[in-house]
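Sequences listed follow chains X, D, E and B, in order. Taking the working numbering, the leading residue of the first sequence gets 70, the next gets one more, and so forth. Taking the working numbering, the leading residue of the second sequence gets 70, the next gets one more, and so forth. Taking the working numbering, the leading residue of the third sequence gets 70, the next gets one more, and so forth. Taking the working numbering, the leading residue of the fourth sequence gets 70, the next gets one more, and so forth. One structure is given below, encoded as structure tokens.
Number of protein chains: 4
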Amino acid sequence: MMFASDNTSPAHPSIMAAVAAANDGFAMPYGADPWMDTVRAEIRRQFEAPEAAVYLVATGTAANALALACLCPPWAAVYCHRNAHVEEDECGAPEFYTGGAKLVLIDGDHARMSPAGLSRAIGFTARAGVHNVQKGMVTLTNSTENGAVYTPAQVAELAALAHAQSLPVHMDGARFANALVAAGCTPAEMTWRAGVDVLSFGGTKNGCLGVEAVVIFDPAKAWEFELRRKRGGHLFSKHRYLSAQMAAYLRDGLWLTLARQANAAARRLSQGLAVTPGATLVHPTEANAVFAAWPRAGHHRAQGAGARYYLWPGNQTLEGPVEDPVAARLVCSWCTADADVDGFLAAVRG
Amino acid sequence: MMFASDNTSPAHPSIMAAVAAANDGFAMPYGADPWMDTVRAEIRRQFEAPEAAVYLVATGTAANALALACLCPPWAAVYCHRNAHVEEDECGAPEFYTGGAKLVLIDGDHARMSPAGLSRAIGFTARAGVHNVQKGMVTLTNSTENGAVYTPAQVAELAALAHAQSLPVHMDGARFANALVAAGCTPAEMTWRAGVDVLSFGGTKNGCLGVEAVVIFDPAKAWEFELRRKRGGHLFSKHRYLSAQMAAYLRDGLWLTLARQANAAARRLSQGLAVTPGATLVHPTEANAVFAAWPRAGHHRAQGAGARYYLWPGNQTLEGPVEDPVAARLVCSWCTADADVDGFLAAVRG
Amino acid sequence: MMFASDNTSPAHPSIMAAVAAANDGFAMPYGADPWMDTVRAEIRRQFEAPEAAVYLVATGTAANALALACLCPPWAAVYCHRNAHVEEDECGAPEFYTGGAKLVLIDGDHARMSPAGLSRAIGFTARAGVHNVQKGMVTLTNSTENGAVYTPAQVAELAALAHAQSLPVHMDGARFANALVAAGCTPAEMTWRAGVDVLSFGGTKNGCLGVEAVVIFDPAKAWEFELRRKRGGHLFSKHRYLSAQMAAYLRDGLWLTLARQANAAARRLSQGLAVTPGATLVHPTEANAVFAAWPRAGHHRAQGAGARYYLWPGNQTLEGPVEDPVAARLVCSWCTADADVDGFLAAVRG
Amino acid sequence: MMFASDNTSPAHPSIMAAVAAANDGFAMPYGADPWMDTVRAEIRRQFEAPEAAVYLVATGTAANALALACLCPPWAAVYCHRNAHVEEDECGAPEFYTGGAKLVLIDGDHARMSPAGLSRAIGFTARAGVHNVQKGMVTLTNSTENGAVYTPAQVAELAALAHAQSLPVHMDGARFANALVAAGCTPAEMTWRAGVDVLSFGGTKNGCLGVEAVVIFDPAKAWEFELRRKRGGHLFSKHRYLSAQMAAYLRDGLWLTLARQANAAARRLSQGLAVTPGATLVHPTEANAVFAAWPRAGHHRAQGAGARYYLWPGNQTLEGPVEDPVAARLVCSWCTADADVDGFLAAVRG
């Protein structure tokens, strides 16, 4: 009954097998391995983006921070949602990599940036010439930190606001696969066709050991990215182990299959909570994370039964009247078992 | 006949097996996995350093740059050898992570910093008060970029010069195992007993997939390291795959066994070249890298036979009179086969 | 009728005379001039802080950014008001000098940070260990960007919240003199006795040509400040011209006299607007800036009569129904003439 | 008998008078003052560069560091002489402003970069693709830190090497006026016609209170410069006092007149030392600084007579055999009196 995060899940056996298979003899370092050729070709094919530059790093924070640094000068604003991972969970990595850009926080339901909020923030920036930070770029997370999904149309609306000011758009896709299968569209529709310039394409949370691709649809920034990656210490010498993971992840739609499994588990969990007395959903369950509140007594029972998850927001505690609801985040992954979902629900209900 | 770099070698089967074994069910992220407990305990035990803080990252550049940033303020000098990896092969990662510290370059044979050179450079720094960069820290590489090994006494001599000025000492041990078995001393003798404050302890080049430990002998800097690691994007969520590698590497002296194999292969190669007509050693072969020169005709034959290696220094070419010697670097790894060494020597000799 | 900013005003004749008098023969550079000795002694005396370290720079942004960089590590939060100069008017200088610290924005009336807001923000920071930016420091502006004044008790309340978490407190005193004479307290009461650790002590806006002192009440950070100042290009070789300004500013209470003149002019203006039909004060007038709204017709008349000031907030325009009020900022300085205030009021009233 | 530095000299009376004259009533801030219009027009006229962007800052370190940051990305090399001010006297300001670029040190007599050294260094950079810092830019100082002067032809030779690699060229002209009158050429010949892209045009050392212009011959970088200047805290609100200095400096060739006076004083001093028994010139005296060695006894006598200057290099002391020569730097300025030169020579000779 592990719902703490999708990053607690193991790697999918096919991905582990690919890593083991890549461990065969010598291979040229730093991305000159043959598995990387496959990765590049597959991402270009599956995203219908034959010119895209494709790079691998091992963490989502690295993918995001390097992407932002390529798109935003130090004296400009990065528009993001108030609860974005880049704002709340990266210990200032965006500021470090950009050389001090300013994250400007936008509101919006379910951690989706509202177009009105973005428009207002852009309009407010750099009204005083050189005295303020300048308009920089937009970054949005799909699926969001609250488990919601931007549709391609929603992405396009935000991207249009950005592009009207010549601002580039980044998508933090640590859970891109979960968003994509939820939206039921193609990778191209969710990204460059909707106006995304650079994508952090997550593998780690969805069945890999640790690999994220950065997909730069306009390759003009590719060389700068390579230099920033090296300088950030994120260029792997034994790069083949990143490549092999990603190649297996992309093969035969495995990435989509795994995301469907995670989303289905979350849906089962969400639907179960929806009919649980005293429980309410805090956010709609659109991808693989469930945000819900239920009585403290149910928390005590669930945790007593071994369930692992975080109270959300984090300033709550389990002390207090047993019937008072407490909110929590429950994240499912590709390997969340129906039995664990059902066992959890049973424990909550008591 | 692969001698391009030890980073072209695969992972040792025991290490790959440990990674696969760690892929069993859920595990808490970010270093809260049980394998990391083993790693920490083993490094403390094997280094006789019960208080040491131990962290894992995936690349040598990350290990070095994060260590330097913890030890050196932005306005100070990092004393290193002119050919150090931090100077020549990290695309400015030390400057990036420190916020702009200045690498001050010291000469010395075989990429070993000379005590006189270090002393002179320290003496020259900050003579004009606030106008110059200040005295910062010393970093040395063992084994060196030219395949030489500092003995504990040599480390201690340099560290004493640093400590006399209250400057901390870092050792870039990307090939620490190779240096250690060559010197025939204990890990403690080579590090903290000789005055090393922080060690980058390499695993990648010596049989791992991609993992380096940073060992901070005085844990006062531990929390700062953790923040810098996270902010640099180097904290792994699925950290268990780093931990498992390092735990296997440390088990039953595997790391020492692998280094002995690599060094033995280099010795065989070096001895073979020493008796090859027209060939000369450019640096003594003390660890797992051979620097030698031999006639161009031998290069043509070796490369025709499939040997891979880099001309060293890099500004040489194979065009020219066939009997003129050209210098090269040949790196052996834990899996360099005697047959490859012998085949290479035969090709060189023609 | 110049109300655009106090920085449009000339230097006071005594200060200009002091600069001219300092231009007598040779003087040692970089702060080793005798006028600096006077400055240091006077600030220590007038602030009752015999240990304080005192440095001069030429701009308020330099004073603030250098102070922040000394007090806040790159991975931490700077708590400031949402409208603080460091947030809105320095083009990211705090981020640049700190190496990427994050400004966390606090609400509060009249640009005074609310204790509840500060407390909430501190409580929200670093709840997730290494994943978020850490608690860093507090900076408050006195007088505020909206012309309000913190009393010593209000400063002390905020500082106590900071110090309870071991966070240092900076005061941006670009208009410190205006705040001080408004509050009717001593420099010590407004600063270190209330918990301020470092003060940016403004001279430029209040009758100098361009000089700000940074007063570091605990001199442990003094040497770091000197290095950061030099490295930022803010150490003047012909430092005597900074020193001479500040020495004259401090002499015989000139700095207080000038602030009283500016505040009196603002009071006259504010009181005049308060009794002007259709005009309302947007913020209370506590120092030398007036924030008021009045009908567009009055704006047209005032500007036609040559009045200079900014609409505030800046997204307003003068087009529209003539009777609709539009808000503006009117800043008085030491040399604002009563005749100009009265002329302005007459024009507004028509 | 002040020869410590030209920055110990006072401002020329005309410049001080211009500052006082500018103190007349209100003036718009941040460079929107009428004196700045004059400065811009005059520099464009005198440099025959009608498109040049012109900005003012108050220190030479700010001018240099901001210029370098506009010309060199963080991952690239700044080629400079080993003794350049940017390397030795700015406490790492170039590294700070560029975000960590690497200064690559070139040798050459009299602090003039040798073309062969520059060519070799450029050739050595970035030979290993992404692993090294990249080729960045060239910066040279005229007149040099050793009092030598680059002729336009020498500048052009270095600039051609840079431009052949598409690298921009910066000239640190803290003593540009001294170099120019020594070379006997026009400002255009010494700068953009010889291939200089950006000039730090010094005023401070040559009769101003504290002002340096940055002249950007290709204005494509102008807006970036403005943002970096603001962000660095180097945009003055009461900018008129910078403008007024520079306008007076440029008027009627004052800047050239003052430089001729300084150079003439240095020549008188140099010629006097050349015929002083036991004294030798260490560098040729081409501008306003004299580098010479003479017996310790002469030093004791000169210093006893009140002469101020620095031993150069700084690791020498006056203890030792009285007849042993000790080297020193003697800097003349626009106001160095013949009587002081002659008095100094008399003291040295005893």
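Backbone N, C-alpha and C define an ideal beta-carbon position, used for all residues, glycine too. Computed from a predicted structure; not experimentally measured.
CB contact below 9 angstroms: residue i versus chain X
i	result
residue 203 of chain B	yes
residue 99 of chain B	yes
residue 192 of chain E	yes
residue 377 of chain D	yes
Best match in the options for proximity to residue i [C-alpha to C-alpha]
i	options	result
residue 102 of chain X	D:77, D:114 and D:103	D:77
residue 104 of chain E	E:87, E:163 and E:158	E:87
residue 285 of chain D	D:133, D:70, D:90 and D:161	D:133
residue 200 of chain D	B:157, B:220 and B:292	B:157
residue 79 of chain B	B:402, B:396 and B:411	B:402
residue 164 of chain X	E:335, E:250, E:264 and E:170	E:170
residue 444 of chain B	B:224, B:333 and B:306	The requested residue 444 of chain B is not part of the displayed model; chain B covers only 70 to 419.
residue 391 of chain B	B:365, B:84 and B:360	B:365
residue 288 of chain E	E:278, E:267, E:271 and E:302	E:267
residue 377 of chain E	E:126, E:354, E:346 and E:412	E:412
residue 368 of chain E	E:91, E:417, E:384 and E:307	E:417
residue 149 of chain B	B:359, B:127 and B:228	B:228
residue 237 of chain B	B:141, B:279, B:83 and B:302	B:141
residue 347 of chain B	B:396, B:306 and B:372	B:396
Residues that residue i contacts on chain D, provided the C-beta gap is smaller than 7 angstroms
i	result
residue 200 of chain E	299
Minimum Cβ-Cβ distance from residue i to chain F less than 9 angstroms
i	result
residue 168 of chain E	Although the question refers to chain F, the structure presented lacks it and instead comprises the protein chains X, D, E and B.
Contact set between residue i and chain X, taken where Cβ atoms lie within less than 7 angstroms
i	result
residue 93 of chain D	79
residue 71 of chain D	95
Residue-level contact to chain B via CB, residue i, 9 angstroms cutoff
i	result
residue 240 of chain E	no
residue 196 of chain D	yes
residue 164 of chain D	yes
Interface flag, residue i vs chain E, CB-CB below 9 angstroms
i	result
residue 103 of chain B	no
residue 186 of chain X	no
residue 161 of chain B	yes
residue 302 of chain B	yes
Proximal residues of chain E, C-beta to C-beta of residue i below 9 angstroms
i	result
residue 290 of chain X	Within chain E, no residue comes near residue 290 of chain X; the closest Cβ sits about 21 angstroms away, beyond 9 angstroms.
Listed by chain order, chain B residues near residue i by CB distance under 8 angstroms
i	result
residue 383 of chain D	196 and 197
Below-9 angstroms beta-carbon distance, residue i vs any chain D residue
i	result
residue 270 of chain B	no
residue 172 of chain B	yes
residue 296 of chain E	yes
residue 398 of chain X	no
residue 127 of chain X	yes
Residue i: contacting residues in chain B (beta-carbon distance under 7 angstroms)
i	result
residue 76 of chain E	98, 306 and 307
residue 253 of chain E	Going along chain B, no residue has its Cβ under 7 angstroms from residue 253 of chain E, so there is no contact; the nearest lies around 28 angstroms.
Listed by chain order, chain X residues near residue i by CB distance under 8 angstroms
i	result
residue 85 of chain D	88, 89 and 92
Could you list the residues in the segment 307-326 of chain D with a C-beta less than 7 angstroms from some C-beta on chain X, going in chain order?
So the close ones are 307 and 310.
Alpha helix (DSSP H) runs wholly inside the segment 309-349 of chain B, at least 4 long, in chain order
Segments of the alpha helix (DSSP H) lying fully in the segment 309-349 of chain B: 309-319 and 323-343.
Below 7 angstroms between beta carbons is the criterion; list the residues of the segment 272-285 of chain D that meet it against any residue of chain X, in chain order.
If the cut-off is 7 angstroms between Cβ atoms, the segment 272-285 of chain D has 273, 278 and 279 near chain X.
Which runs of the beta strand (DSSP E) spanning at least 3 residues fall entirely within the segment 218-256 of chain B, listed in chain order?
Within the segment 218-256 of chain B, the complete beta strand (DSSP E) segments of 3 residues or longer fall at 238-242, listed in chain order.
Beta strand (DSSP E) segments (min. 3 residues) lying fully within the segment 129-177 of chain D:
Counting whole runs of 3 or more residues, the segment 129-177 of chain D contains the beta strand (DSSP E) stretches 145-150 and 171-175.
Check each residue of the segment 129-159 of chain B: if its Cβ is closer than 7 angstroms to any Cβ of chain E, include it; give the result in chain order.
Result list: 130, 131 and 134.
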